[in-house]
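Working notes, beginning with the structure itself.
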Amino acid sequence: MTAFLPPNLLALFEARPPVQYLPPVQELLVDKNAKRAPMTGVAQYVGLFEDPKDTPPKLPVVTKEQAKEEKRRQKEELLAYKVEQGIATWNPAENSRATEDPYRTLFVGRINYETSESKLRREFEAYGKIKKLTMVHDESGKPRGYAFIEYSDKAEMHTAYKKADGIKVDGKRLVVDYERGRTQKTWLPRRLGGGKGDTRKTRESKAVIEERDMQSGYGGYDDRERDRSGSRDRRQESYRNGGGYDRDRRESSGGYRDSRGGSGGFGGGRDRQGGDRGYDRGGSRYNSGGGGSGGSYRSGGGSSGGRYGDRR
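Numbering (full-length UniProt numbering), first residue to last: 1 to 312.
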């Protein structure tokens, strides 16, 4: 191939001249031709090592995980000691700010931090006369989100206990309970290991709940796709049998016209054969279909609430 190239290009492929030999600047430190000393063992140096019995033990190396675990264990022991000391010294009867009668006292929790004492009093005065209302604050003066309300009569407290649970005040749904600190001997507050309900630590996160639902198939993507594919297969099978998509939809749910015209409602109407429908027929569809003119449509296609042909 290079034989057909012009001379100016052939000059690019010519080999370079050999590298010129230059003697070393200084002589080698080790003569290659000199005779080397024979290789010997290390047996003569073994006696210089220290005795294994005199060797000090290795210092234990604490890993990051071990240090974290030890710190957590010490913290739990300290907390358990504090809880034990708190249980020994806890006496709710010695509280100077407590109400007079614990059997007429109502506990109110999950209060909005912006809710004032006067507004809370107005909400709970609807159930009876309030003798004393105490909203609990911390040492810095910030509200803790719960309060104690003492009524003048025990029956009024029971009324509030039954009716006030779950009411909303300033966008927060309240929870009520009777005072347990002075009425139950075995009762302990949450800070001492007692209390009711769960905590943020024991409550499952939203991601864990969604993952469990997806694994169990509840409302998952696969189930929805399976339902859609099943409905498509049923429509195709009906079309091959000669009914077509419209006929299959009319036979299974009464069709969109039947869902609107056959519902009756409260005013009656006219069916497809010219007959009048009265209040009784409209009422039966309302009860079975789930309500009003949308009973057949809202019941998921009318398979249980439509069926105009079954009612003739």
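In this text, a Cβ means the ideal position worked out from N, Cα and C, and glycines have one as well.
Rounded to the nearest angstrom, what separates residue i and residue j at their Cα positions?
i: residue 96; j: residue 181; result: 14 Å
i: residue 11; j: residue 22; result: 28 Å
i: residue 144; j: residue 212; result: 34 Å
i: residue 215; j: residue 194; result: 35 Å
i: residue 39; j: residue 57; result: 35 Å
i: residue 318; j: residue 87; result: Nothing about residue 318 can be read from this structure; the chain reaches only from 1 to 312.
i: residue 99; j: residue 68; result: 45 Å
i: residue 30; j: residue 24; result: 14 Å
i: residue 185; j: residue 208; result: 38 Å
i: residue 41; j: residue 63; result: 40 Å
i: residue 74; j: residue 89; result: 23 Å
i: residue 159; j: residue 150; result: 13 Å
i: residue 196; j: residue 109; result: 12 Å
i: residue 135; j: residue 78; result: 31 Å
i: residue 142; j: residue 71; result: 32 Å
i: residue 155; j: residue 93; result: 23 Å
i: residue 43; j: residue 18; result: 53 Å
i: residue 7; j: residue 16; result: 17 Å
i: residue 107; j: residue 76; result: 30 Å
i: residue 46; j: residue 27; result: 38 Å
i: residue 54; j: residue 48; result: 13 Å
i: residue 20; j: residue 50; result: 58 Å
i: residue 204; j: residue 190; result: 19 Å
i: residue 59; j: residue 52; result: 16 Å
i: residue 124; j: residue 163; result: 10 Å
Going by DSSP, what residue range makes up the alpha helix (DSSP H) through residue i?
i: residue 74; result: 64-89
i: residue 213; result: 206-216
i: residue 10; result: 7-10
What distance in whole Å lies between the Cβ atoms of residue j and residue i, which are believed to be in contact at a cut-off of 8 Å?
i: residue 111; j: residue 146; result: 6 Å
i: residue 114; j: residue 177; result: Their Cβ separation, rounded to whole angstroms, is 22 Å, which puts residue 114 and residue 177 out of contact at 8 Å.
i: residue 133; j: residue 121; result: 5 Å
i: residue 148; j: residue 179; result: 7 Å
i: residue 192; j: residue 61; result: Wrong, their Cβ atoms sit about 39 Å apart, outside the cutoff.
Leaving out five residues on either side along the sequence, give the residues of the same chain with a beta carbon under 8 Å from the beta carbon of residue i.
i: residue 152; result: 104, 128, 129, 130 and 131
i: residue 65; result: none
i: residue 80; result: none
Which same chain residues end up closer than 7 Å to residue i when comparing Cβ atoms and leaving out the 5 residues on each side of it in sequence?
i: residue 2; result: 10 and 13
i: residue 165; result: 175 and 176
i: residue 172; result: 110, 111 and 112
i: residue 137; result: 143 and 144
Might you give, ordered along the chain, the residues of its own chain that have their beta carbon closer than 6 Å to the beta carbon of residue i, omitting 5 neighbours on each side?
i: residue 183; result: 102
i: residue 139; result: none
i: residue 167; result: 174
i: residue 157; result: 104, 106 and 151
i: residue 119; result: none
Segments of 4+ residues assigned as alpha helix (DSSP H) that fall wholly inside the UniProt domain "RRM" (104-181): 117-124 and 154-163
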